[in-house]
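Enquirer: With positions in the sequence shown counted from 1, the corresponding number in the numbering used here is that position plus 591. Got a structure here, written out as structure tokens. Questions coming.
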Amino acid sequence: MADQDSRSGARYATPDIVAFVDGVHVRHDAGLARAFDAPAQHGMPAIQLAPAEGKTLTLLMRMIGACKVVEVGTLAGYSALRLAHGLSAGGHVWTIELDPRHAQVARDNLAAAGVADRVSVLVGPALEQLEQLTPHAPFDAVFIDADKGNYPLYARWAAAHLRTGGLLIGDNSYFFGQLLADTPDATHMREFHQLVAEAFDSTCIPTPDGLVVGIRR
Ligand SMILES: C[S@@+](CC[C@H](N)C(=O)[O-])C[C@H]1O[C@@H](n2cnc3c(N)ncnc32)[C@H](O)[C@@H]1O
């Protein structure tokens, strides 16, 4: 019965249920709370991961023993902090942000959380910054959470620079409910799914906007 309900699209999560389980499983310490609240505090778009999605990143990093991690799309540093919390000893996160103001807020949050030595915030268009990172390859994980039209290019870069068994993670993979639309960016997002499925053993976790997770073949 439960399977039939999930196939029919039934949703059991209510805001109260999510608040309860987040309070049990994914509580924020002071550093996480500061990073999570920062977009609203600084007049930035509040488009960071949900707490449970952030904790998922931490657990995934721990599961693979991640040492070298790349993030595309920093905002205020919430997901970068979540990634940093899952690093193995001596590990490092490179996170890329186009907007220098976002990058500065993120740096402040990461310093306040005590991980400034483990996270580098790189400023500029991700495609340019990714090229600068290639000497550090191979990476253990790449998390994509920025401009959706470039997702196929980010996935290609990830496929070329992740180690075998490394993780690709991509947020907003339902493209805000427009994945099947007849628009250029929806087409790019569908291409992203195809590329990931070819180079990775992958799935799309049905978070509110779809979280692609793939293991590099
Ligand atoms: C959804 S937010 C990232 C949220 C963040 N991952 C989190 O969960 O805390 C997307 C960010 O990507 C940045 N961005 C957009 N296009 C970009 C590009 N071409 N290169 C680098 N960053 C970009 C935006 O400025 C924005 O801060």
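Built from N, CA and C at the ideal position, the CB exists for glycine as well.
#1: In its own chain, which residues sit with a C-beta less than 6 Å from the C-beta of residue 666, not counting the 5 before and 5 after it?
#2: Is the number of C-beta pairs between the segment 698-706 and the segment 624-639 that are closer than 8 Å three or more?
#3: What does residue 771 pair with, by DSSP beta-bridge criteria?
#4: Report back the beta-carbon spacing between residue 730 and residue 646 to the nearest angstrom; my notes put them in contact at under 8 Å.
#5: Is the beta carbon of residue 741 within less than 7 Å of some heavy atom of ligand 1?
#6: What did DSSP end up calling residue 618 once you bin it into helix, strand or coil?
#7: Excluding the 5 residues flanking residue 595 on each side, which residues of the same chain have their C-beta closer than 8 Å to its C-beta?
#8: Quick one, are the C-beta atoms of residue 615 and residue 643 less than 8 Å apart?
#9: Apply the 10 Å Cβ neighbour rule to residue 771 and answer buried if 16 or more other Cβ atoms are within range, or exposed otherwise.
#10: Determine the direct distance from the alpha carbon of residue 759 to that of residue 687, and round the result to whole angstroms.
#11: Assign residue 696 to one of three DSSP states: helix, strand, or coil.
#12: Residue range of the beta strand (DSSP E) that residue 683 falls in?
#13: Is the separation between the beta-carbon of residue 786 and that of residue 747 shorter than 8 Å?
#14: Give the straight-line distance between the Cα atoms of residue 671 and residue 774, rounded to the nearest whole angstrom.
#15: Should residue 765 be counted as a contact of ligand 1 given a C-beta to heavy atom distance under 7 Å?
#16: Going by C-alpha to C-alpha distance, which of 698, 719, 779, 631 sits closest to residue 764?
#17: What are the boundary residues of the beta strand (DSSP E) that residue 737 is part of?
Expert: Answer, in terms of the structure:
#1: One-based indexing of the sequence shown puts residue 666 at position 75. Same-chain partners within the cutoff: 639, 693.
#2: yes
#3: The sequence position of residue 771 within the sequence shown is 180, counting from 1. Partner(s): none; residue 771 has no beta bridge.
#4: Counted from its first residue, the sequence shown places residue 730 at position 139. Counted from its first residue, the sequence shown places residue 646 at position 55. Not a contact, Cβ separation roughly 21 Å.
#5: The residue given as residue 741 occupies position 150 in the sequence shown. Yes; taking the cut-off as 7 Å, the Cβ of residue 741 has a heavy atom of ligand 1 nearer than that.
#6: Taking the first residue of the sequence shown as 1, we reach residue 618 at position 27. Coil at residue 618, not helix or strand.
#7: Position 4 of the sequence shown, counted from the start, is the residue given in the question as residue 595. Here the model assigns residue 595 a pLDDT of 45, short of 50, so the residue's position is not dependable, and the following value carries that caveat. Cβ within range, chain order: n/a, list empty.
#8: Reading the sequence shown from its first residue, position 24 is the one you call residue 615. Reading the sequence shown from its first residue, position 52 is the one you call residue 643. The answer is no: Cβ separation not under 8 Å.
#9: Counted from its first residue, the sequence shown places residue 771 at position 180. Classification of residue 771: exposed, given that the 10 Å Cβ count is below 16.
#10: For this step, residue 687 is matched to residue 96 along the sequence shown. For this step, residue 759 is matched to residue 168 along the sequence shown. Rounded to the nearest angstrom, the two C-alpha atoms are 16 Å apart.
#11: For this step, residue 696 is matched to residue 105 along the sequence shown. Helix at residue 696.
#12: Your numbering for residue 683 matches position 92 in the sequence shown. Run containing residue 683: 683-688, per the beta strand (DSSP E) assignment.
#13: One-based indexing of the sequence shown puts residue 786 at position 195. One-based indexing of the sequence shown puts residue 747 at position 156. Yes.
#14: What you label residue 671 is simply residue 80 of the sequence shown in a count that begins at 1. What you label residue 774 is simply residue 183 of the sequence shown in a count that begins at 1. Each residue's alpha carbon lies about 30 Å from the other.
#15: Taking the first residue of the sequence shown as position 1, residue 765 is located at position 174. No.
#16: Taking the sequence shown and counting its residues from 1, the one referred to as residue 764 is at position 173. Residue 764 has its Cα closest to that of 779, out of 698, 719, 779, 631.
#17: Along the sequence shown, one-based indexing puts residue 737 at 146. Taken as a continuous stretch (DSSP letters only), residue 737 belongs to no beta strand (DSSP E), as it is neither H nor E.
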